[in-house]
Each structure stands twice: as structure tokens, then as C-alpha cells.
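> Mind looking over this structure? Questions follow.
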Amino acid sequence: MPKRTSASISRKAHAKAEADFTTWLMMAKLGGFDDLPPAAQTWLMSYRTRLEAKVPEAEATAATIREMYAAYYADMGGEGEAPQITPVAPSEARPRAEVVDIKTARRAKVVGTAAASASERPKRSIPPLLIFVGLVAALAAIKFAFGW
12 MPKRTSASIS RKAHAKAEAD FTTWLMMAKL GGFDDLPPAA QTWLMSYRTR LEAKVPEAEA
72 TAATIREMYA AYYADMGGEG EAPQITPVAP SEARPRAEVV DIKTARRAKV VGTAAASASE
132 RPKRSIPPLL IFVGLVAALA AIKFAFGW
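Using the working numbering, you'd call the opening residue of the sequence shown number 12 and step up by one each time.
Here is the structure:
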């Protein structure tokens with residue numbers, strides 16, 4: 012089995028820390044704090060302690076996730092101190108040109124389909140209701156013809 016790189020372990024540990032923290036926090040908010048594993052309760056208690064110390068929520072969340080990340084990094088086999096993870100701002104994560112809203116996508120799809128089908132006519136499908144009505148009419152005709 013190939014050895015994982017420090018960057019690979021780092022990414023996985025950070026993603027796991029973020030996912031676990033948000034899951035545990037939501038479960039605690041929904042009243043399931045006692046059902047969480049002891050490790051989760053410990054992390055959430057340190058988070059709560061930070062909040063009680065008047066640390067802003069965003070900073071308390073980031074600090075807790077950083078601590079969880081460092082612990083997960085060591086557990087996953089990372090050597091030495093966990094590398095610093097720099098969060099990517101949402102505007103940097105995805106260029107605006109790639110974001111498509113529903114209305115634009117529908118218009119683009121309609122325009123693209125019209126341009127593509129100008130040369131060839133697409134097959135028209137028969138609506139299911141029309142098929143059902145046809146079957147009922149055929150059954151009625153057979154019943155009438157044979158007198159059942």
C-alpha cells in the first residue's frame with residue numbers, strides 16, 4: 012500500500028475535523044449531546060468554554076476545528092506538527108463565471124436545444140395520459156364488440 016503524503020493526510024484530517032465538528036454541534040443543538048461519543052463531548056465542551064470566555068463564535072469554531080485537525084492529523088499517521096491549513100475564501104474557491112443559476116441554465120438549455128435541433132427534428136413522445144386513454148378506448152371497443 013503506498014504511503015500517504017503529509018498533504019494528503021492534512022487534507023483528510025482537516026475535512027474530517029470540519030465535518031465532525033459541524034455534525035456534533037448540530038446534534039448537540041438538537042438535544043442529543045448525551046448521545047455523542049466522549050471525544051465529541053470533550054471537543055464541544057472546549058468550544059462552549061471558548062464561547063463563555065466571550066470569544067466570537069467564528070473564532071471559537073475555528074480554534075476548535077484547528078485543535079481537532081491537529082489531533083486527527085496525528086491519529087492518521089501524520090508526522091510532526093500538523094501543517095497550517097489556509098481556508099479558501101468562497102470568491103476564490105470558484106470563479107464567478109462557473110456559477111450558473113437555474114434561470115440562466117434553463118434558458119441556455121432551451122437555446123442550445125433549439126440550435127441543435129434546427130437541422131434534425133427530435134422525436135415527439137406520446138404523453139402517458141394519451142396512452143392510457145387509448146388503452147381504455149381499446150378495451151371499451153373490445154368489450155362492446157364481443158359483448159362481455
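We put the beta carbon where it would ideally sit given N, CA and C, even for glycine.
1. Could you pull the start and end residues of the alpha helix (DSSP H) that MET37 belongs to?
2. Sort PHE32, THR60 and GLU63 by Cα distance to PRO48 and report the nearest one.
3. If we require 4 or more residues per run, which alpha helix (DSSP H) segments fall completely within the stretch 35–97?
4. For the alpha helix (DSSP H) containing ILE137, list its first residue and its last residue.
5. Thinking C-alpha only, which one of ARG135, TYR84, MET37 and GLY91 is nearest GLN52?
The answer reads as follows:
1. 17–40
2. PHE32
3. 49–63 and 68–86
4. Element bounds for ILE137: n/a, residue is neither H nor E.
5. MET37
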